[in-house]
Amino acid sequence: QVQLVESGGGLVQPGGSLRISCAASGFTFRLYAMSWYRQAPGKERERVATISSAGNTNYADSVKGRFTISRDNAKNTVYLQMNSLEPEDTAVYYCNTRLFGQTDYWGQGTQVTVSS
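Residue 68 in my numbering is what sits at position 68 of the sequence shown, and the numbering runs on without skipping anything.
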């Protein structure tokens, strides 16, 4: 079965950096786009970044120039490098993929808290 397992969240000071990971299994990872979403308390879940199977990337305007999504197909893992973190980046971060054109799969989420 499809599994997405996030890791690497934590508490970081404003201006700091953090890298979160998502280990995927149960599907042919290299063939599918992968995305990171986040959800802050009281807010809608929003897409943060996407990387295609070919390695093309796109980002939400709020994180452009600060966050970088990447993938390692040999390890079936997608990463999100987050730099210059701001308190507004505090959220639960979720890994996502859409298979067969219509079915979304989600990880359990990893908490990222930016605070001094």
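C-beta atoms are modelled at their ideal positions from N, C-alpha and C, and glycine is treated no differently.
Check whether residue i and residue j have beta carbons under 7 Å apart
| i | j | result |
| --- | --- | --- |
| Y32 | N96 | no |
| V63 | F27 | no |
| N83 | S35 | no |
| V78 | G9 | no |
| G101 | E6 | no |
Rounded C-alpha distance that separates residue i from residue j
| i | j | result |
| --- | --- | --- |
| A49 | K43 | 18 Å |
| S115 | A74 | 35 Å |
| P14 | E86 | 5 Å |
| I20 | I69 | 10 Å |
| A24 | N76 | 5 Å |
| N58 | D72 | 17 Å |
| R66 | R47 | 15 Å |
| G109 | L80 | 13 Å |
| T103 | L4 | 14 Å |
| C22 | G55 | 16 Å |
Closest by C-alpha distance to residue i, when choosing among the options
| i | options | result |
| --- | --- | --- |
| S52 | E46, V92, R30 and Q39 | R30 |
| Y93 | A24, A60 and R45 | R45 |
| D89 | G8, N76, N58 and V12 | V12 |
Contact set for residue i: own chain, Cβ-Cβ below 8 Å, skip 5 residues either direction
| i | result |
| --- | --- |
| L99 | V2, F27, Y32 and Y105 |
| A60 | E46, R47, V48 and A49 |
Cβ shell of residue i (< 7 Å), same chain only, five flanking positions each side left out
| i | result |
| --- | --- |
| A91 | R38, Q39, A40 and V112 |
**Request:** For the stretch 9-73, list the beta strand (DSSP E) runs that are entirely contained and at least 3 residues long, ordered along the chain.
**Result:** Runs of the beta strand (DSSP E) spanning 3 or more residues and lying entirely within the stretch 9-73 occur at 10-12, 18-25, 34-39, 46-51, 57-59 and 67-72, in chain order.
Runs of alpha helix (DSSP H) lying entirely within the stretch 67-114, each at least 4 residues, in chain order
For the stretch 67-114, not a single whole alpha helix (DSSP H) run of length 4 or above is found.
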